[in-house]
Structures are given as C-alpha cells and as structure tokens.
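Below: the structure, in structure tokens.
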Ligand SMILES: Cc1cc2nc3c(=O)[nH]c(=O)nc-3n(C[C@H](O)[C@H](O)[C@H](O)COP(=O)(O)OP(=O)(O)OC[C@H]3O[C@@H](n4cnc5c(N)ncnc54)[C@H](O)[C@@H]3O)c2cc1C
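Below is the structure:
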C-alpha cells in the first residue's frame with residue numbers, strides 16, 4: 002500500500018476512478034505472459050503526457066518504483082512490478098494523432114494496439130511492418146520498449162527500424178522529444194534507438210512517430226513440408242543464397258505441427274519432420290518469378306508436400322495454423338515458457354538439434370517454432386510450475402539452451418527481450434565492461450533507479 006499522503010497526491014492528478022489499489026483490482030496487473038507474479042501497490046491510468054510527467058515527479062520525490070505497462074503480453078516478465086510500487090498503465094493513451102501517407106508516417110500514443118495502427122493505414126493501402134504474434138493485443142509503447150519483431154521482420158526489419166521519433170517522460174518528470182517526421186535524420190545521438198528495447202527502464206514513452214510503408218502489389222504464400230529438419234533449414238539458406246529475401250520463413254517442427262493439427266484439424270502433414278511457411282511480396286511479375294525460384298529450391302531440398310495459397314482465405318488459413326502454435330502449446334500444461342534464442346542462420350539446424358537433445362535429457366516436451374530466415378528460435382516448453390522437480394528441469398534446460406546458443410555465436414533474445422527471464426544470463430553474451438556501460442546509462446537517466454527496477458540492468 003502506498004502511503005496515504007502519496008495516494009492523495011496521485012488521486013489529485015488523476016481522480017479516484019483512474020487509481021486502483023484494492024487487492025482484487027491490482028491482482029490483474031501482477032502478471033504478464035511469463036511465469037512470475039508480483040502485486041503492485043497501485044495501478045494508475047494517465048490520459049495525457051502532462052499527467053505522466055506529474056505522476057513521475059511524485060514517484061521520484063518519494064522514490065517509488067514505477068513499471069510501465071501496455072497490454073502485459075511480455076514473454077520475459079518485463080512488465081512485472083517485481084519491486085511493487087506503481088504500475089503505470091498506458092492503455093488509456095490510445096489515440097492515433099496523425100496519419101500521413103504522403104510523408105510516410107503515423108503519429109500515435111503509446112496505448113494504441115499494433116493491429117489498430119494497421120487498420121488505420123489499410124484505407125490508404127499502407128502498412129506498419131513490425132507484426133508481433135501478439136499484434137491484436139500488444140501496444141505500440143510495449144512494442145517500442147521491447148523492440149518487438151515478428152514474422153515479416155525477415156524482409157522489413159524490427160520496430161527500431163520504424164521509429165522516427167518519440168516523446169518520452171523521464172523519471173524526473175522532464176518531457177523530452179527526439180527524432181522527427183523525417184525518414185532521414187542524423188541530428189545528434191539517435192536517442193530513439195536507445196529507448197527502443199529499453200524495457201521501460203529509461204523513461205515512459207508517451208508518443209511515437211512511426212515510419213509506414215506502401216502495401217506491396219502482390220503477396221504469395223506457400224506451406225512446404227520436409228521429412229527431415231536438416232533439409233528444412235538447408236532450404237532456408239538456399240533460398241536466401243539465391244538472392245531472395247522472403248517476407249517470412251516460419252519453421253515449425255513435427256511436435257508443433259501435430260499439436261496444431263490435434264487442436265485445429267487444418268489438414269497439415271502429420272508425418273513431416275519440419276515445415277516452412279514462406280511468404281513473398283512485391284510487384285506481381287517479380288513475385289511470381291521469385292516464388293518459382295523458391296519452389297525450385299524447396300524441391301531441390303526434398304520437399305515432400307508443397308501447398309500454395311490460391312486465395313486470401315487459404316493464405317489466412319496457413320497463417321492461422323502458424324499463429325495458433327503458442328496457444329495450442331499453452332493448453333498442454335498449466336504453464337508454458339517460450340524463449341527466443343537466436344543464432345546465425347547457418348547454425349539453425351544445429352541449434353534445433355541441441356534444443357531437442359537438452360529437453361530430451363530432462364524428459365521435457367518441446368515444440369520448436371522459428372523465424373528461420375533470421376535464426377530466431379522459439380522453443381516452447383509446457384510444464385507445471387507447481388511441480389518443483391519438473392520446474393527445476395525446465396530452468397536447467399533453458400540455462401543449457403542459452404549456453405548452447407552463446408557457444409554458436411548466437412544471442413539470448415531476438416525479439417522478446419531480457420526482462421526477468423534472462424537477466425542472469427547476460428554475461429554469456431556481454432562482457433563486464435559492456436554491462437557496466439549499460440548501468441552507467443541507466444544511472445545517468447534514472448539516478449534513483451525507480452523505473453522498472455529489478456530487470457536486466
Ligand atoms: C502470444 C504471444 C505472441 C507474441 N509474439 C511476439 C512476436 O512475434 N514478436 C515479439 O517481439 N514479441 C512477441 N510477444 C511478446 C510481447 O507481445 C511483446 O514484447 C510486446 O511488444 C509487448 O507489448 P505490450 O503492450 O504487451 O507490453 P507490456 O508487456 O505491457 O510491457 C512490456 C515492456 O514494455 C514496457 N512498456 C510498456 N509500455 C511502455 C511505455 N509506454 N513506455 C515505456 N515502457 C513501456 C513495460 O514496462 C515492459 O518492460 C508475444 C507475446 C505473446 C503472448
């Protein structure tokens with residue numbers, strides 16, 4: 002519970018209806034999509050940048066921890082208020098301020114859901130490329146704070162590549178703005194890049210200028226299956242080696258395909274050891290030419306079944322299969338941990354084999370999804386965290402998976418971030434001086450360490 006004097010000051014800014022502190026209310030903000038929970042003392046819902054600034058001034062004065070929150074879909078515990086204090090929920094700052102397709106940008110508040118940005122751009126035949134699997138729920142503030150990626154980031158890049166500018170409120174309550182509406186801007190430090198992926202530890206994002214893209218003329222989608230994983234991943238490197246960068250190359254292993262088929266009966270090939278969902282876009286003629294080349298490459302690698310979507314409905318069906326993987330796996334046990342180690346693309350088959358070997362050793366079930374074109378893997382382990390023995394095995398397995406990825410020249414996270422889940426493993430991929438540099442940056446911007454404390458820095 003916050004001190005009554007602090008509570009009254011916060012309510013004076015927001016009104017009582019945007020301040021929650023009853024147990025049954027704050028319990029809804031104690032968790033995200035990771036497996037740790039912590040109750041905040043209070044949850045606040047600002048509607049303007051000025052309110053965020055006033056709230057942070059009070060939090061700074063009384064040194065109260067503040068954890069920003071969008072939709073709470075973080076897979077690494079980034080939005081868990083592990084040191085209690087205030088959860089600052091940005092969901093009411095959900096206005097689209099300007100759509101400007103002539104100059105290729107959209108300006109939004111942080112609580113706008115990713116899918117609503119896409120909807121706002123659709124009538125102009127434009128789109129915003131970052132497409133996390135959580136796009137129907139997760140917010141732009143959360144996407145920027147986590148530097149979110151998604152399937153089509155293989156061709157288009159991740160969130161950081163689309164943030165032109167930002168308004169941020171610092172822990173002190175100071176309001177800073179950087180970047181601009183210009184696609185090119187090299188004026189001073191590129192602060193947007195510092196705040197992208199900062200996981201709410203450096204400031205609260207209150208507005209963002211995002212670069213948008215015209216929709217391609219044509220899209221072609223293909224589902225291919227293989228009878229072994231090596232051929233599946235070799236097809237990926239062969240396609241890229243032939244000069245084609247598809248929009249997406251999504252890999253699913255046998256267990257994942259079968260779990261989806263059990264749940265949704267979509268007609269997927271149950272015998273396949275690996276599958277690829279491949280999408281190409283661009284000008285119609287180029288798209289057709291590239292797709293023919295892709296088909297040639299998958300055939301050369303022993304594809305056993307090739308299914309090209311003939312309509313938007315068929316295309317959506319293939320994507321539904323891919324998108325449902327996490328939900329399907331989440332139903333297999335009370336809890337699920339999904340990680341996202343990333344390795345150089347040529348090391349994907351080896352990494353997948355090691356993931357399977359490690360989990361087999363501990364008798365754990367694992368499904369592997371991968372944004373295979375950029376080496377980003379999502380091993381999903383369903384388990385029960387109340388079963389202490391099993392949970393200890395899950396922890397050991399992930400620790401070994403992180404070590405294996407580091408040995409292959411990979412990294413801890415391609416898109417889900419570090420949060421609580423991976424903080425202890427940072428030394429595997431960063432030396433002490435680098436970690437110290439991050440700590441110095443944090444200290445300089447948030448000297449009382451009130452913003453999202455207890456996380457990776
Ligand atoms: C089913 C599912 C699929 C997913 N697929 C993907 C995927 O394909 N790619 C991917 O990258 N991620 C994916 N994720 C993870 C998650 O959706 C992303 O990390 C997303 O960007 C989080 O957005 P959010 O609004 O839910 O943020 P939250 O979970 O609420 O917060 C995440 C972090 O951002 C900070 N934050 C939130 N808003 C602000 C703000 N305005 N200012 C400063 N800090 C802020 C929080 O403090 C926290 O550290 C998936 C998650 C699920 C559950």
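Numbering (this note's numbering), first residue to last: 2 to 458. Just so you know, even glycine gets a beta-carbon here, dropped at the ideal spot from N, CA and C. Just so it is clear, the structure is predicted and the values come from calculations on it, not from any experiment.
At least one heavy atom of ligand 1 sits closer than 6 Å to the Cβ of residue 327.
For residue 212, the enclosing beta strand (DSSP E) covers residues 205-212.
Placement of the Cβ of residue 315 at a distance of 6 Å or more from every heavy atom of ligand 1 is found. Annotation for residue 416 indicates a beta carbon within 6 Å of some heavy atom of ligand 1. Contact between residue 42 and residue 15 does not hold, since their C-beta atoms are separated by about 15 Å, which reaches or exceeds 8 Å.
Listed in chain order, the non-local C-beta contacts of residue 223 below 6 Å within the same chain comprise 279, 309, local neighbours out to five positions each way being set aside. Between the alpha carbons of residue 65 and residue 86 lies a distance of about 6 Å. Remark: the C-beta of residue 209 is outside contact range of ligand 1, defined as less than 6 Å to any heavy atom.
In this model, residue 91 and residue 338 are separated by some 26 Å (Cα to Cα). Inter-segment contact for the region 50-60 and the region 189-208 is present: three or more beta-carbon pairs are separated by less than 8 Å.
Non-local C-beta neighbours of residue 424 in its own chain, meaning closer than 7 Å and more than five positions away in sequence, comprise 456, 457, ordered along the chain. Judged by DSSP in its simplified three-state form, residue 336 adopts strand. Counting only runs of 4+ residues, the alpha helix (DSSP H) found wholly inside the region 161-198 occupies 192-196, in chain order. When distances are taken from the beta-carbon of residue 80 to the heavy atoms of ligand 1, the shortest one is below 6 Å. The three-state reading of DSSP puts residue 25 in helix, counting H, G and I together. Residue 129 is a Cβ neighbour of residue 211, given a cutoff of 7 Å. With respect to residue 346, residue 238 sits close: the two C-beta atoms are nearer than 7 Å.
By the C-beta criterion, the region 228-238 is judged to be in contact with the region 345-359, since at least 3 inter-stretch pairs fall below 8 Å. For the options 60, 410, 421, 39, the alpha carbon positioned closest to that of residue 175 is the one of 60. Taking a cut-off of 8 Å for Cβ pairs, the region 379-386 and the region 329-336 touch, as three or more such pairs fall below it. In the three-state reduction of the DSSP assignment, residue 397 falls in the helix class, which pools H, G and I.
In the structure shown, the three-state DSSP call for residue 426 is helix.
Comparing alpha carbon positions, the residue from 148, 173, 169 closest to residue 161 is 148. Exclusion of the five residues before and after residue 306 leaves 226, 270 as the residues of its chain whose Cβ lies within less than 6 Å of its Cβ. Counting along the chain, residue 61 sits inside the alpha helix (DSSP H) bounded by residues 50-63. Rounded to the nearest angstrom, the gap between the Cα atoms of residue 178 and residue 397 is 43 Å.
When the five nearest sequence neighbours on each side are left out, the beta carbons in the same chain lying within less than 8 Å of the beta carbon of residue 326 are those of 253, 257, 260, 261, 368, 370, 381, in order along the chain. Bridge pairing for residue 68: 88 [DSSP]. According to DSSP, residue 101 shares a beta bridge with 106.
In the structure shown, residue 386 falls within a coil segment according to DSSP collapsed to helix, strand and coil. The DSSP-derived three-state label of residue 412 is strand. For residue 368, the secondary structure class from DSSP, reduced to helix, strand or coil, is strand. Ranked by Cα distance from residue 39, the first of 196, 20, 63, 73 is 73. Rounded to the nearest whole angstrom, the C-alpha separation of residue 125 and residue 102 is 7 Å. Separation of the CB atoms of residue 173 and residue 71 is rounded to 22 Å, and the pair is thereby denied contact status at 8 Å. Nearest to residue 123 by C-alpha distance, out of 143, 134, 135, 100, is 100.
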